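Single-structure report; data block below.
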């Protein structure tokens, strides 16, 4: 990229995420009884002007007439816009500071609010070309400088022509007036900036569609912040991931595709070929076959607690970090368990079904309080432990069994064997993980050991209970009722029917895997999982990864970060350091952690280094994956 290349950058919806006059309207019309109607009119006029269906001067006149704004409100506007600078511009503040002489803002907006905002990014006031308001003595905006070239149609190309700029001229903007600069022959390239809004009439005219500033810097070999533009990180989110998670990924600058259902193995194996980040829930199986096609995959996010649907061993071998949400839906599952214990012991489910058929059955037979009853929890992890606390507060006596030694909370009692728990408790609630060893924990023989007339809840994994044995126990009356939220085979989407032997069983609550399906839980998960993935991509931090060595790293400052994932074998760290020493690289920080499969080395180095060191690091024997962060 030649040093004399000039970047002409638009302001509204490009430098900022919003149209400034739209925001000014929200401020100036705050107390206007026709506020909503007027704001819509302003937005419609703005859009027509940006798409080229309304000439600019008329657009400006009509909007200012509606606004009725004043100078004090411009100060409010500046404060609001400072928080609305486009995300990729915020990420690349260094680019603006280093290239301040070659960055020019040309906008049909107004210097009054543009100059203070872009100035914080090192852009010089003399490089800002925009309109100016005209105020009356009281500070009310009564007009704009009508002699300003940028207040007239075709003002942007004319402004550049008058500047007599030398070198290549690249225009970055989202509106038709930005395209007009290129169309007039006053620019070499037009980048349609679509991070905030994409206008088909504009993108169709572009030399390059840029989802972010990262993309523009990358194609021009000016990327200083990231080794790979975020707009080229393809994210595939399946199974109705909450919109918050989708939006967070988009805000980060990723190219996000959303599919509402799960995909079959063959479908996913084909779809994943160009995917960098995969987000799933519980129905999608990420198998070895799928992963063999995942040559670009950096990370997988399980928007749920379990990860047994993911081949973690193959992920580790391929250097793919997996993150889940181990705590985010705990409360939701626990509340559901408490509710179902009460429903089962009172027979509410069957009573309700009867009422819908017109049957009035006021009998108390088989209806019990939960107070004083014994609750047996199988699996005393996050959910089991919190269930223990809430259940005890409601008067249940709590017992638990776990193969790992766990600290009892409250007055809960640990029992020494699963049989002891089954034989003594009135209610059994399963909260184990989905590992293969847990298949049919409750098989026919174990269910037979349950206390006669007891109740069973399974809100963990479908394969941990022998469904046929459970059906037999329900039919015989050995078990008085059951609540099942998970099944060995589950429909891939809402349009497929459930097939289960338990359909129609007496006092049996069947729910479609919704233990964690509350608004609060899905919001928590949708924030937590993308946060961990983005942190890993941006910093190399693997804390909370389920398959990588966990490293929590300090913030990267004034250095490059080299991330080296390799097979866990002796001597790799020495080879890394020898290679760095050979190329006279100074190490400012280094972090190493291993597990049984891989080693994970993070090395922070001085900014100055030879490009050959990158190739040398990739060629170290045992290297699985290598990347650089800036």
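In my numbering, the protein residues as written are 13 to 642. Beta carbons: idealized from backbone N, C-alpha and C, even for Gly. Just so we're clear, the structure is a prediction, and the values are computed from it rather than from any experiment.
Check	Outcome
Reference residue 266; option with closest CA among 323, 535 and 206	206
Rounded straight-line distance, which links the Cα of residue 335 to that of residue 462	36 Å
Status (buried if at least 16 other CB within 10 Å, exposed otherwise) for residue 555	exposed
Nearest to residue 229 (by Cα), restricted to the options 480, 110 and 74	110
Contact set for residue 574: own chain, Cβ-Cβ below 7 Å, skip 5 residues either direction	615, 617, 629 and 640
Cβ neighbour criterion (16 or more within 10 Å) applied to residue 567	exposed
Cross-strand partners of residue 312 (DSSP beta bridge)	290 and 334
C-beta contact flag for residue 519 and residue 489 at 8 Å	no
First and last residue of the uninterrupted alpha helix (DSSP H) at residue 228	225-231
Cβ-Cβ distance between residue 588 and residue 632 below 8 Å	yes
Residue interval of the beta strand (DSSP E) (run including residue 477)	From DSSP, residue 477 is part of no beta strand (DSSP E); its letter is neither H nor E.
Any beta strand (DSSP E) of 3 or more consecutive residues that is wholly inside the segment 490-545	491-496 and 520-522
Alpha-carbon to alpha-carbon, residue 527 and residue 181	57 Å
Exposure of residue 450, with buried meaning 16 or more beta-carbon neighbours within 10 Å	buried
Rounded C-alpha distance that separates residue 603 from residue 591	17 Å
Closest by C-alpha distance to residue 306, when choosing among 577, 491, 122 and 285	285
Environment of residue 447 [buried if 16+ CB atoms lie within 10 Å]	exposed
DSSP state of residue 257 mapped onto helix, strand, coil	helix
Among 299, 417, 522 and 471, the one whose alpha carbon lies nearest that of residue 361	522
Entirely enclosed beta strand (DSSP E) segments - the segment 167-236, minimum 3 residues	181-185, 201-205 and 220-222
Inter-stretch contact at 8 Å, needing at least 3 Cβ pairs: the segment 92-109 / the segment 15-34	yes
Completely contained beta strand (DSSP E) runs for the segment 566-603, where each covers 3 or more residues	572-579
For residue 343, three-class secondary structure by DSSP	helix
Of the listed residues 382, 458, 34 and 394, nearest to residue 2 (C-alpha basis)	In the structure as shown, the chain begins at 13 and stops at 642. Residue 2 is therefore absent and cannot be evaluated.
Own chain partners of residue 357 with C-beta closer than 6 Å, once the 5 adjacent residues on each side are dropped	380 and 382
Every unbroken alpha helix (DSSP H) within the segment 359-445, with a cutoff of 4 residues, ordered by chain	360-368, 394-405 and 430-436
Cross-strand partners of residue 155 (DSSP beta bridge)	146
Residue 535 versus residue 348 - alpha carbon distance	17 Å
Residue range of the unbroken beta strand (DSSP E) whose run includes residue 121	115-122
Spatial distance of residue 66 from residue 54 (CA atoms)	13 Å
Beta-carbon contacts of residue 164 that lie in its chain and below 7 Å, excluding the five residues immediately before and after	69
Backbone CA spacing between residue 425 and residue 418 [nearest angstrom]	11 Å
Anticipated Cβ contact below 8 Å, residue 532 with residue 344, distance rounded	7 Å
The segment 262-279 contacting the segment 242-253, beta-carbon criterion three pairs below 8 Å	yes
contact_flag[the segment 34-48, the segment 181-200] where n(CB pairs < 8 Å) is 3 or more	no
Bounding residues of the beta strand (DSSP E) (the contiguous stretch that carries residue 637)	635-641
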